[in-house]
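Taking it in order: structure first as C-alpha coordinates, then the write-up.
Residue numbers (the numbering used here): 10 to 77.
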(Lines of atoms letter the chains of each structure in order from A and count residues from 1; the text may use other names and numbers.)
(Lines give C-alpha, C1' and ligand atoms only; values in the text may rest on other atoms or scores of the structure.)
Protein backbone atom coordinates (compact mmCIF):
# COMPACT_ATOMS: atom_id res chain seq x y z
CA UNK A 1 0.00 0.00 0.00
CA UNK A 2 0.99 3.63 -0.43
CA UNK A 3 -0.20 6.17 2.13
CA UNK A 4 0.12 9.93 1.77
CA UNK A 5 -0.16 11.73 5.10
CA UNK A 6 0.74 14.93 6.86
CA UNK A 7 1.41 15.64 10.52
CA UNK A 8 0.49 19.11 11.74
CA UNK A 9 1.40 20.25 15.25
CA UNK A 10 -1.02 22.73 16.81
CA UNK A 11 -0.42 25.18 19.61
CA UNK A 12 3.29 25.65 18.85
CA UNK A 13 3.15 28.88 16.87
CA UNK A 14 3.49 29.48 13.15
CA UNK A 15 6.92 27.91 12.62
CA UNK A 16 6.26 24.16 12.56
CA UNK A 17 9.20 23.13 10.37
CA UNK A 18 11.24 21.47 13.10
CA UNK A 19 8.24 19.40 14.23
CA UNK A 20 7.47 18.26 10.71
CA UNK A 21 11.16 17.45 10.19
CA UNK A 22 11.03 15.14 13.21
CA UNK A 23 8.10 13.25 11.68
CA UNK A 24 9.81 13.01 8.29
CA UNK A 25 12.97 11.73 9.97
CA UNK A 26 10.99 8.84 11.48
CA UNK A 27 9.69 7.92 8.02
CA UNK A 28 13.14 8.08 6.41
CA UNK A 29 14.72 6.02 9.18
CA UNK A 30 12.07 3.31 8.70
CA UNK A 31 13.78 2.09 5.56
CA UNK A 32 10.46 1.94 3.68
CA UNK A 33 10.24 3.64 0.28
CA UNK A 34 9.04 7.21 0.86
CA UNK A 35 8.76 10.64 -0.69
CA UNK A 36 8.13 14.03 0.86
CA UNK A 37 6.71 16.95 -1.12
CA UNK A 38 5.13 20.27 -0.20
CA UNK A 39 1.85 18.76 1.02
CA UNK A 40 2.38 15.14 2.08
CA UNK A 41 4.84 12.43 2.92
CA UNK A 42 4.12 9.18 1.11
CA UNK A 43 5.30 5.87 2.47
CA UNK A 44 5.03 2.44 0.85
CA UNK A 45 4.91 -1.00 2.44
CA UNK A 46 2.50 -3.50 3.87
CA UNK A 47 -0.36 -2.35 6.12
CA UNK A 48 1.31 -3.08 9.45
CA UNK A 49 4.65 -1.53 8.46
CA UNK A 50 3.11 1.65 7.09
CA UNK A 51 0.70 2.18 9.97
CA UNK A 52 3.46 1.60 12.53
CA UNK A 53 5.63 4.24 10.86
CA UNK A 54 2.79 6.76 10.77
CA UNK A 55 2.02 6.06 14.42
CA UNK A 56 5.68 6.68 15.37
CA UNK A 57 5.77 9.87 13.26
CA UNK A 58 2.73 11.25 15.08
CA UNK A 59 4.10 10.16 18.47
CA UNK A 60 7.41 11.95 17.98
CA UNK A 61 5.55 15.21 17.30
CA UNK A 62 3.15 14.60 20.21
CA UNK A 63 6.14 14.57 22.55
CA UNK A 64 6.64 18.30 21.92
CA UNK A 65 3.30 19.67 20.73
CA UNK A 66 0.07 19.96 22.74
CA UNK A 67 -2.03 18.74 19.76
CA UNK A 68 -1.28 16.92 16.52
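Glycine is no exception: its CB is placed at the ideal position from the N, C-alpha and C atoms.
Being a predicted model, the structure only gives us computed values, none of them experimental.
> Per DSSP, residue 52 is paired with what?
Replying inline: As a first step, residue 52 is located in the chain shown; it is residue number 43 there, counting from the start. According to DSSP, residue 52 shares a beta bridge with 12, 43.
> In whole angstroms, what separates the C-alpha of residue 25 from that of residue 17?
Replying inline: For the purposes of this step, residue 25 is taken as the residue at position 16 of the chain shown. For the purposes of this step, residue 17 is taken as the residue at position 8 of the chain shown. Their Cα atoms are separated by approximately 8 Å.
> For residue 30, which option in 10, 57, 49, 55 has the closest C-alpha, if you only look at C-alpha atoms?
Replying inline: The residue labelled residue 30 in the question sits at position 21 within the chain shown. The option with the nearest alpha carbon to residue 30 is 49.
>> Buried or exposed for residue 78, going by 16 or more other Cβ atoms inside 10 Å?
In response: Limits of the chain in this structure are 10 at one end and 77 at the other, which puts residue 78 out of reach.
> Roughly how many whole angstroms lie between the Cα atoms of residue 73 and residue 10?
Replying inline: Taking the chain shown and counting its residues from 1, one reaches residue 73 at position 64. Taking the chain shown and counting its residues from 1, one reaches residue 10 at position 1. Distance between the alpha carbons of residue 73 and residue 10: 29 Å.
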